[in-house]
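Q:
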Amino acid sequence: MRRVAALALVPLVAATACSGGGLPDGLKVAGVVGRQPTVTIPASAPSGKLKVETLRKGKGSAVTDGDLVVADYVGYRWNGGDHRLVASSYEAGRPAVFPYGRLVTGLNKALAGQRPGGRVLAVIPPGQGYGPSGYAPWQIGAGDSMVFVLDVLATYHNGASAQGRPQPQNDAALPQVTAGATPTMKIPSAAPPGRLQVKTIIQGGGPPVQAHQLVVFHDLGQIWRTGKVFESTRARGRPDSALAGAGQMIRGWDRAVVGQRVGSRVLVVIPPKDGYGSKGHAASGIRKNDTLAFVIDVLAAY
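Counting in full-length UniProt numbering, the sequence shown runs from 1 upward without gaps.
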């Protein structure tokens, strides 16, 4: 299934200055949480050891296994010869998503136990970063360490779900969705509708999702013909994210999510022309001209 990367909407805590006194390896970090920090890296080489320093403690739920972490960050390449900024969510104009537990070892250790509103500095040696292969998109070589400063905006647990007002389900021709944090869906034996169907199951109270916003979501996808589940973020163990309305997801999914309010649960029936069409998706068991049904919980949007 075509997939994406996305983000969450969480208010930032009051900005606080961070100074660089006594930080590892002679580093200095200045600036306020929520804005791009100024990072001063010495001309000397890094120590070659993992160093993690919490510059500001956050509040709320600590990052734990199975979380999707939303954070703004800057990332630097550092070796004995030079250092250079290689990535910045601030310059990109949107925060980034970090699936905790599936990151390079050093980043996993840096984010462990962090809380929203916090800022953390990590100096990551090659052995706990990208290793001997490096990372070409960021021009990181085999011997390069990385320096990250991350401002944690939000964490989303696997148990996150839609929050809002339940809406009546009174169309027997459409799948029925159970209530609760982990919804299921029963597809009727009737023929599927020929057009895209979008029905709100829970009406959220947040702002509407706009095109090209990053969306954090849970979803459940089933094949109308068989009822087979081919997509489940909850079964994978964490929420997912996507850039809505940008062609990163199948067209019916995109069309359904744009305009939905954050906090909503939405039933979507996607005809083949808005799904995988005449090609299908063999790896998921989707044949050509299969109709798909989704339940989507819109958890957040940036």
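We put the CB at the ideal spot given by N, CA and C, even for glycine. A quick note: this is a predicted structure, and the numbers were derived from the prediction, not measured.
For Val158, which of Trp138, Gly81 and Ser241 has the nearest alpha-carbon?
A: Residue numbering aside, residue 158 sits at position 158 when the sequence shown is read from its first letter. First, the residue type needs correcting, since residue 158 is Asn and not Val in the sequence shown. The option with the nearest alpha carbon to Asn158 is Ser241.
Q: Out of Ala181, Ile201, Gly118 and Thr64, which has the shortest C-alpha to C-alpha gap to Val152?
A: The count along the sequence shown starts at 1 and reaches residue 152 at position 152. For Val152, the nearest C-alpha among the options comes from Gly118.
Q: How would you label Ala15, buried or exposed, when you count the other beta carbons within 10 angstroms and need 16 or more for buried?
A: Taking the sequence shown and counting its residues from 1, the one referred to as residue 15 is at position 15. Confidence at Ala15 is low in this model, with a pLDDT of 33, below 50, so the placement of that residue is unreliable and no value is reported for it.
Q: Just to confirm, are Lys51 and Asp25 a CB contact at a threshold of 9 Å?
A: Here residue 51 is taken as the residue at index 51 of the sequence shown, counted from 1. Here residue 25 is taken as the residue at index 25 of the sequence shown, counted from 1. Contact flag set, yes.
Q: Output needed for Pro11: all residues of its chain with C-beta closer than 8 Å, excluding positions within five of it in sequence on either side, in chain order.
A: The sequence position of residue 11 within the sequence shown is 11, counting from 1. Low confidence applies here, because Pro11 scores a pLDDT of 26, under 50, leaving its location unreliable; read the following figure in that light. None.
Q: Is Trp253 helix, strand or coil by DSSP?
A: Along the sequence shown, one-based indexing puts residue 253 at 253. Here Trp253 sits in helix by DSSP.
Q: Along the chain, where does the alpha helix (DSSP H) that runs through Thr40 open and close?
A: For the purposes of this step, residue 40 is taken as residue 40 along the sequence shown, with counting starting at 1. Taken as a continuous stretch (DSSP letters only), Thr40 belongs to no alpha helix (DSSP H), being part of the beta strand (DSSP E) at Thr38 to Thr40.
Q: Distance, Cα to Cα, residue 317 vs Ile124?
A: Here the chain comprises residues numbered 1 to 302, so residue 317 is not present and cannot be evaluated.
Q: Less than 9 Å between the beta carbons of Tyr156 and Pro239, yes or no?
A: The count along the sequence shown starts at 1 and reaches residue 156 at position 156. The count along the sequence shown starts at 1 and reaches residue 239 at position 239. Closer than 9 Å, so yes.
Q: Beta-carbon within less than 7 Å of Gly134's beta-carbon, same chain only, minus the 5 sequence neighbours each way: which residues are those?
A: If you number the sequence shown from 1, residue 134 lands on position 134. Counting only Cβ-Cβ distances below 7 Å, and skipping sequence neighbours, we find Ile140, Gly141, Ala142 and Asp144.
Q: In terms of residues, what are the limits of the alpha helix (DSSP H) holding Leu107?
A: On the sequence shown, position 107 is the one that residue 107 refers to. Thr105 to Leu111 is the extent of the alpha helix (DSSP H) around Leu107.
Q: Where does Tyr90 sit, in a helix, a strand or coil, going by DSSP?
A: Locating residue 90 in the sequence shown gives position 90, where the first residue counts as 1. Tyr90: helix per DSSP, three-state reduction.
Q: Which of helix, strand or coil does DSSP assign to Lys288?
A: Locating residue 288 in the sequence shown gives position 288, counting from the first residue. Correct three-state label for Lys288: coil.
Q: Could you tell me which residues DSSP pairs with Tyr156 in its beta bridges?
A: For the purposes of this step, residue 156 is identified with residue 156 of the sequence shown, where counting begins at 1. Paired residues: Leu68.
Q: Identify, in the order they occur along the chain, each residue of the same chain with its Cβ nearer than 7 Å to the Cβ of Thr178, setting aside the five sequence neighbours on each side.
A: Numbered from 1 along the sequence shown, position 178 holds the residue referred to as residue 178. Correct list, in chain order: Thr184.
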